[in-house]
Amino acid sequence: MVQGHMVLLYVAYACWGGYFAIQRPATEALFADSIPNGQREGPMTIKYILMNVAGALGPIASIVFFYLYGDSWSLSGLEIVLCGGMVVGLPGLIVLFFFNDDLAYENSTRRAERLSVVEDGELSDIGDDRSATKERSLLLQNDDESALGDTVNTFYCLGPRHIPTILFVTDFIMYNGGGMSISFFPLFFQNEYGLTPAQVNTLFVIQPALIVLLTSAAQRYSARFGDIESVVVTRIFASMVLLSISYARDHAFLDSNCIHAVFGANPRVHPDGPRPESMARAVECAGRADDVLLLGQCHGRWFHD
Numbered sequence: 057m058v059q060g061h062m063v064l065l066y067v068a069y070a071c072w073g074g075y076f077a078i079q080r081p082a083t084e085a086l087f088a089d090s091i092p093n094g095q096r097e098g099p100m101t102i103k104y105i106l107m108n109v110a111g112a113l114g115p116i117a118s119i120v121f122f123y124l125y126g127d128s129w130s131l132s133g134l135e136i137v138l139c140g141g142m143v144v145g146l147p148g149l150i151v152l153f154f155f156n157d158d159l160a161y162e163n164s165t166r167r168a169e170r171l172s173v174v175e176d177g178e179l180s181d182i183g184d185d186r187s188a189t190k191e192r193s194l195l196l197q198n199d200d201e202s203a204l205g206d207t208v209n210t211f212y213c214l215g216p217r218h219i220p221t222i223l224f225v226t227d228f229i230m231y232n233g234g235g236m237s238i239s240f241f242p243l244f245f246q247n248e249y250g251l252t253p254a255q256v257n258t259l260f261v262i263q264p265a266l267i268v269l270l271t272s273a274a275q276r277y278s279a280r281f282g283d284i285e286s287v288v289v290t291r292i293f294a295s296m297v298l299l300s301i302s303y304a305r306d307h308a309f310l311d312s313n314c315i316h317a318v319f320g321a322n323p324r325v326h327p328d329g330p331r332p333e334s335m336a337r338a339v340e341c342a343g344r345a346d347d348v349l350l351l352g353q354c355h356g357r358w359f360h361d
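Residues in the sequence shown are numbered consecutively from 57, following the numbering used here.
Following this line, the structure appears as structure tokens:
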């Protein structure tokens, strides 16, 4: 029963991931094109804060669902929450059909320039000629500036033309590392700390709240020290946090195994059995065997983690 549902979940997550891979770059590009150049920092920050605030509403709704339909790691309760999330996401999918690339800021300004010159009641081609001349001069100016920037603003063999490649590689590594760890956070909290689904979602409510608070602080830091410096500092801090989580494990299993080594051959199990000296030898052998087993479990646990 569970295996059949797991296959459906795998298919659903694959479709959901493909949707985000196609949809998110397009919407980000449309949003960026709707803002004039040089004025995108403020709207981008506001959008990021709103996305995190909205992201906190999902775990809050999940907490309500779990308390209504059972706060346990059962497939039935999790299915209800997943289906509820899919239903809530439908309005956002419908809104995407109303996005129009022709209404982007750059396209609208070009259209306004072309329609600005009217002669004898008919549109003339002067606006097109002016815009073409202006674009040609800007392209020549950008070529000169880029050539100068390639020679001056370089770091060893890396220059401005390598920035997209560097950003792509760093994002690919960071998001893969984050995806391989963050996806297993609920399982980590369930196994190591015994948290219920509602308690895990409470942590996911706190996380966006902290992101919203720290985003404003990061914006002030970037305004003072620079954008690249702030990105480097925040990513180093994020990597340190991920590395520290790998050492955050519950050591209660050590106590249980050490106690088990003592009770491995309890005389009360067979009070009328062997003689005392044989019983002492059995306790010693059992303790050594459990010590070896304990070391194996420790190394296996660390290797698995």
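We put the beta carbon where it would ideally sit given N, CA and C, even for glycine. Only a predicted model underlies this, so the values are computations on that prediction, with no experimental measurement involved.
Spatial neighbours of residue i within its chain, please: C-beta separation below 7 Å, excluding the five flanking residues on both sides.
{"i": "SER118", "result": "VAL137, ASN257"}
{"i": "ALA82", "result": "none"}
{"i": "MET230", "result": "ARG291"}
{"i": "TYR277", "result": "SER286"}
{"i": "THR101", "result": "THR271, GLN275"}
{"i": "ALA88", "result": "ARG96"}
{"i": "VAL268", "result": "ILE105, ASN108, VAL109"}
Quick check: what's the CA-CA separation for residue i versus residue j?
{"i": "ALA279", "j": "SER128", "result": "46 Å"}
{"i": "ALA68", "j": "GLY111", "result": "20 Å"}
{"i": "SER130", "j": "PRO264", "result": "26 Å"}
{"i": "LEU259", "j": "TYR123", "result": "16 Å"}
{"i": "MET62", "j": "THR221", "result": "37 Å"}
{"i": "ILE219", "j": "ILE284", "result": "11 Å"}
{"i": "GLY282", "j": "VAL297", "result": "23 Å"}
{"i": "GLY145", "j": "TYR212", "result": "47 Å"}
{"i": "MET142", "j": "ARG217", "result": "41 Å"}
{"i": "GLU19", "j": "MET107", "result": "With the chain covering only 57 through 361, there is no way to say anything about residue 19."}
{"i": "LEU64", "j": "CYS71", "result": "11 Å"}
{"i": "GLU340", "j": "PHE240", "result": "Residue placement at GLU340 is flagged as unreliable, the pLDDT there being 42, under the threshold of 50; the coordinate-derived value follows with that caveat. Their backbone Cα atoms lie some 40 Å apart in a straight line."}
{"i": "CYS139", "j": "SER132", "result": "11 Å"}
{"i": "PRO147", "j": "GLY126", "result": "27 Å"}
{"i": "VAL261", "j": "PHE76", "result": "22 Å"}
{"i": "ASN93", "j": "SER295", "result": "32 Å"}
{"i": "ILE150", "j": "GLN79", "result": "13 Å"}
{"i": "ASN232", "j": "VAL288", "result": "17 Å"}
{"i": "PHE224", "j": "GLY74", "result": "18 Å"}
{"i": "LEU113", "j": "THR210", "result": "44 Å"}
Contact check, residue i vs residue j under 8 Å by CB: the rounded distance?
{"i": "ILE105", "j": "THR271", "result": "6 Å"}
{"i": "ALA274", "j": "THR290", "result": "6 Å"}
{"i": "PHE154", "j": "LEU86", "result": "Actually they are not in contact, since the Cβ atoms of PHE154 and LEU86 sit about 11 Å apart, beyond 8 Å."}
Once the 5 residues before and after residue i are set aside, which same chain residues still bring their CB inside 6 Å of it?
{"i": "ILE91", "result": "PRO99"}
{"i": "LEU152", "result": "none"}
{"i": "PHE245", "result": "LEU251, VAL256"}
If you count every other CB in all the chains shown that lies within 10 Å of the CB of residue i, and 16 or more means buried, which is it?
{"i": "PRO115", "result": "buried"}
{"i": "LEU299", "result": "exposed"}
{"i": "PHE228", "result": "exposed"}
{"i": "LEU214", "result": "exposed"}
{"i": "LEU134", "result": "buried"}
{"i": "PHE293", "result": "exposed"}
{"i": "PHE121", "result": "buried"}
{"i": "ALA308", "result": "With a pLDDT of 48 at ALA308, under the threshold of 50, the predicted position of this residue should be treated as unreliable, and no value is reported."}
To which residues of the same chain is residue i closer than 8 Å at the C-beta, ignoring the five residues directly before and after it?
{"i": "TYR66", "result": "none"}
{"i": "PRO242", "result": "PRO253, VAL256"}
{"i": "HIS326", "result": "Here the model assigns HIS326 a pLDDT of 41, short of 50, so the residue's position is not dependable, and the following value carries that caveat. Excluding positions up to five away in sequence, the list is empty."}
{"i": "LEU266", "result": "none"}
{"i": "LYS103", "result": "PHE87"}
Please determine whether the Cβ atom of residue i lies at a distance below 7 Å from any heavy atom of the ligand MN.
{"i": "LEU214", "result": "Because no ligand of any kind appears in the structure shown, any question about the ligand MN cannot be addressed here."}
Which ranges would you report for the beta strand (DSSP E) in the segment 84-162 if only whole runs of at least 3 residues count? Here no run is fully enclosed.
field: Sequence ranges, alpha helix (DSSP H) only - wholly within the segment 212-286, length at least 4
entry: DSSP runs (the alpha helix (DSSP H)) wholly in the segment 212-286: 219-238, 241-249, 253-281.
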